[in-house]
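Just below is one structure, and these are the notes that go with it.
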Amino acid sequence: MDGMQRLEYVDIFRGIALLIMVTIQIFDFLSVSSIYTTPPYYVDTINSVTWVPPSLLFTFVSGMSVFLLVKKRLFVNKLSGQRTFFEVFKRYGKYVLISLPFTTIMWNVGVYFGWNEAIQGIGLTAIFTAVFLIMFFKYFKKVNSTIGYTTLTFLIIIFSFLQSTVPKLLDNSTFASDFPRQPNLSYLNIPSLFGSLVLNIFFRGWFSIANLFPMMLGGVILINLIHEDKSSHKKLMVISVAPLLLSVLLHLLGYNIDYYGRSFSLTFFSIGESALICFVTLFLYKKSTKESLFRIWNIITTFGITAFFVYITHYLLILKMLEITALKDLLPDIYSWIITIPLVVSVYFLAKYYLKIKSNLPSFLRL
């Protein structure tokens with residue numbers, strides 16, 4: 001398949017992340033259990049919400065998408081670096097803007113300024129990644145070379161260190177009082193608010209650039225390896241497993257994998273786990289021959305193609321409604337799962353209908 005065409009398996013990767021996210025979040029809103037604190041959904045071993053935190057897989061795949069977009073604009077459409085940047089900004093900048101009213105409706109505006117909402121962080125980090133790639137291509141021409149992979153790996157290590165250390169350093173410095181993680185919005189102090197926002201964007205927010213950028217670079221590496229003619233299934237599997245094994249080794253040596261604590265080894269765990277999921281999915285996808293399997297892939301692809309629509313819809317039409325109607329956190333687990341399944345199916349049919357009418361919608365409604 002031509003790497004410049006829309007890659008269905010990338011949509012499948014993204015769809016898996018969305019399907020996991022939608023399912024566990026609907027369950028969490030229905031159930032008296034919390035996926036964030038209640039075992040077995042909460043995993044004490046890695047201090048994490050499930051073994052596969054969906055935002056990490058989605059961020060990893062977003063790195064693939066950013067790379068494919070930049071590569072297409074630079075090398076197929078022959079656009080300048082500046083024009084390519086504007087194309088990327090147009091694609092991902094709207095997520096950062098839409099996140100403000102969405103976050104305010106769903107939670108409160110403080111979540112936005114804390115930079116703790118997924119689409120704002122992933123959107124801005126995608127732009128940041130694109131800027132790096134545009135500059136990167138200028139000097140190295142292509143990623144799939146020794147110097148290209150070495151550079152990306154080095155950056156992953158550097159940003160893993162930054163995301164695991166800088167937030168703690170900032171919290172223990174004078175910046176914590178002058179520019180707090182959660183700025184006081186009851187009165188308008190522009191310098192303090194702006195300073196807090198900048199520090200949250202780059203380092204302290206859960207969806208900060210320092211946290212997400214190395215995961216996106218992991219996605220860039222994998223999509224290039226997939227496109228390499230010399231990359232056999234065995235080579236892809238080994239390279240996918242390597243960072244996961246490294247994170248386990250670090251964990252055993254005392255550098256724990258800590259999702260909530262954003263530890264150094266977490267980045268390698270996230271990249272390795274995401275790469276392994278993508279590799280296994282790609283292997284099964286390419287080996288699929290039965291019509292029933294293609295139907296499953298088509299369902300997952302629908303989630304992937306309509307990712308932003310699905311994200312917004314399941315929050316506002318299901319989760320927010322459960323909260324407004326006081327039906328949140330009421331049911332035992334078994335009943336929550338029974339109700340979750342048809343609700344996830346309803347999200348799928350909404351996404352399928354949205355795809356059908358999308359071309360007839362005004363441009364600002366084409367999410």
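At position 335 of the sequence shown the residue is numbered 335 (this note's numbering), and the sequence of numbers has no breaks.
Every residue gets a Cβ at the ideal spot worked out from N, C-alpha and C, and that includes glycine.
inquiry  = Given this structure, state the Cα-to-Cα distance separating residue 164 from residue 361, to the nearest angstrom.
reply    = In the sequence shown, residue 164 corresponds to position 164, counting from 1. In the sequence shown, residue 361 corresponds to position 361, counting from 1. Each residue's Cα considered, the two are about 43 Å apart.
key: Proximity below 8 Å, CB of residue 160 to CB of residue 243   = Numbered from 1 along the sequence shown, position 160 holds the residue referred to as residue 160. Numbered from 1 along the sequence shown, position 243 holds the residue referred to as residue 243. Contact flag unset, no.
task = Measuring alpha carbon to alpha carbon, tell me which of 335, 7, 207 ends up nearest residue 122.
result = For the purposes of this step, residue 122 is identified with residue 122 of the sequence shown, where counting begins at 1. Checked all of 335, 7, 207; the closest Cα to residue 122 is 207.
inquiry  = Using CA atoms only, rank isn't needed, just tell me which of 15, 30, 19 is closest to residue 324.
reply    = For the purposes of this step, residue 324 is identified with residue 324 of the sequence shown, where counting begins at 1. Nearest option by C-alpha distance: 30.
Residue burial classification, residue 286 (beta-carbon count within 10 angstroms, cutoff 16) = The sequence position of residue 286 within the sequence shown is 286, counting from 1. Its Cβ having fewer than 16 others within 10 Å, residue 286 is exposed.
key: Three-state class that DSSP yields for residue 48 in the structure shown   = The count along the sequence shown starts at 1 and reaches residue 48 at position 48. In the structure shown, residue 48 sits in a strand (DSSP, three-state: E or B).
request  = Ignore the nearest five residues each way along the sequence and tell me which others in residue 70's own chain have a CB closer than 7 Å to its CB.
outcome  = The residue you call residue 70 lines up with position 70 of the sequence shown. Answer for residue 70: 84, 88, 130, 133, 134, listed in chain order.
Residue 82 - containing alpha helix (DSSP H), residue span = Numbered from its first residue, the sequence shown carries residue 82 at position 82. Note, residue 82: alpha helix (DSSP H), 81 to 106.
ask   = DSSP on residue 42, reduced to helix/strand/coil?
value = As a working note, residue 42 is residue 42 in the sequence shown. If DSSP states are grouped into helix, strand and coil, residue 42 belongs with the strands.
query = residue 302 lies in the alpha helix (DSSP H); which residues open and close that run?
reply = Translated into the one-based positions of the sequence shown, residue 302 becomes position 302. Here the alpha helix (DSSP H) through residue 302 covers 291 to 305.
task = Look at the Cβ atom of residue 311, then the Cβ atom of residue 119, and state whether they are nearer than 8 Å.
result = Counting from 1 along the sequence shown, the entry for residue 311 is found at position 311. Counting from 1 along the sequence shown, the entry for residue 119 is found at position 119. Yes; because the gap between Cβ atoms is below 8 Å, this pair is in contact.
query = Does DSSP put residue 362 in a helix, a strand or coil?
reply = Here residue 362 refers to the residue found at position 362 when the sequence shown is read from its first residue. Here residue 362 sits in coil by DSSP.
query = With C-beta atoms as the reference, is residue 219 less than 8 Å away from residue 15?
reply = Within the sequence shown, numbered from 1, the residue matching residue 219 stands at position 219. Within the sequence shown, numbered from 1, the residue matching residue 15 stands at position 15. Going by C-beta atoms, residue 219 is not nearer than 8 Å to residue 15.
message = Less than 8 Å between the C-beta atoms of residue 246 and residue 279, yes or no?
response = Counted from its first residue, the sequence shown places residue 246 at position 246. Counted from its first residue, the sequence shown places residue 279 at position 279. No.
inquiry  = I believe residue 179 touches residue 205 by the beta-carbon criterion, under 8 Å. Please report the beta-carbon distance rounded to the nearest angstrom.
reply    = Counted from its first residue, the sequence shown places residue 179 at position 179. Counted from its first residue, the sequence shown places residue 205 at position 205. So it is not a contact: roughly 13 Å between Cβ atoms.
key: Beta-carbon proximity list for residue 203, same chain, < 6 Å, skipping 5 on both sides   = Along the sequence shown, read from residue 1 onward, the residue named residue 203 stands at position 203. 166, 167, 210, listed in sequence order.
Alpha carbon of residue 264 to alpha carbon of residue 49, nearest angstrom = In the sequence shown, counting from the first residue as 1, residue 264 sits at position 264. In the sequence shown, counting from the first residue as 1, residue 49 sits at position 49. Approximately 18 Å between the Cα atoms of the pair.
From 172, 260, 344, residue whose alpha carbon lies closest to that of residue 51 = Here residue 51 is taken as the residue at index 51 of the sequence shown, counted from 1. When only C-alpha atoms are compared, the closest one is 260.
inquiry  = With a threshold of 7 Å (Cβ to nearest heavy atom), would residue 320 be considered close to the ligand HEM?
reply    = Ligands are entirely absent from the displayed structure, and the ligand HEM is therefore not among its contents.
query = For the alpha helix (DSSP H) that contains residue 314, what are its first and last residues?
reply = Counting from 1 along the sequence shown, the entry for residue 314 is found at position 314. No alpha helix (DSSP H) holds residue 314; DSSP gives it neither H nor E.
query = Exposed or buried, which one is residue 313 when buried takes at least 16 other CB atoms within 10 Å?
reply = As a working mapping, residue 313 is identified with position 313 in the sequence shown. Answer is buried; the Cβ neighbour count reaches 16.
query = Closest to residue 22 by CA distance: which of 79, 354, 356, 345 is it?
reply = Start at 1 with the first residue of the sequence shown, and residue 22 comes out as number 22. Cα-wise, what sits closest to residue 22 is 345.
query = With 16 other CB atoms within 10 Å as the buried threshold, where does residue 108 fall?
reply = Position 108 of the sequence shown, counted from the first residue, corresponds to residue 108. Classification of residue 108: exposed, given that the 10 Å Cβ count is below 16.
message = In the DSSP output, what is residue 331 paired with across the bridge?
response = Taking the sequence shown and counting its residues from 1, the one referred to as residue 331 is at position 331. BP columns for residue 331 point to 31.
C-alpha gap between residue 306 and residue 28, whole angstroms = Taking the first residue of the sequence shown as position 1, residue 306 is located at position 306. Taking the first residue of the sequence shown as position 1, residue 28 is located at position 28. Cα to Cα, residue 306 sits roughly 22 Å from residue 28.
inquiry  = Whole angstroms are fine: how far does the CA of residue 335 sit from the CA of residue 291?
reply    = Against the sequence shown, residue 291 aligns to sequence position 291. Against the sequence shown, residue 335 aligns to sequence position 335. Roughly 32 Å between the two C-alpha positions.
Buried versus exposed call for residue 137 [16 or more other C-beta atoms within 10 Å across all chains shown] = Here residue 137 corresponds to residue number 137 of the sequence shown, with the count starting at 1. The residue in question, residue 137, is buried, as its Cβ has 16 or more Cβ neighbours within 10 Å.
Same chain, Cβ closer than 7 Å to residue 351, five either side skipped, listed in chain order = Along the sequence shown, one-based indexing puts residue 351 at 351. For residue 351, where only same-chain residues beyond five positions count, the Cβ hits under 7 Å are 302, 303, 306, 309, 310.
inquiry  = On the CB-based measure, 16 or more other CB atoms within 10 Å of its CB, does residue 96 come out buried or exposed?
reply    = Sequence index remark: in the sequence shown, residue 96 carries index 96 (1-based). That one is buried.
message = What does the alpha-carbon distance come out to for the pair residue 283 and residue 273?
response = To locate residue 283, count along the sequence shown from 1; it is residue 283. To locate residue 273, count along the sequence shown from 1; it is residue 273. Distance between the alpha carbons of residue 283 and residue 273 is about 15 Å.
request  = With DSSP collapsed to three states, give me the class of residue 9.
outcome  = Start at 1 with the first residue of the sequence shown, and residue 9 comes out as number 9. Helix, per DSSP.
ask   = Quick one: is residue 295 buried, meaning 16 or more other Cβ sit within 10 Å of its Cβ, or exposed?
value = As a first step, residue 295 must be located in the sequence shown, where it is residue number 295. Exposed.
message = So the candidates are 80, 79, 66; which of them puts its Cα closest to the Cα of residue 91?
response = Looking up residue 91 in the sequence shown gives position 91. Nearest C-alpha to residue 91: 66.
query = Out of curiosity, what's the CA-to-CA distance linking residue 105 and residue 340?
reply = One-based indexing of the sequence shown puts residue 105 at position 105. One-based indexing of the sequence shown puts residue 340 at position 340. Residue 105 and residue 340: Cα-Cα distance of roughly 23 Å.
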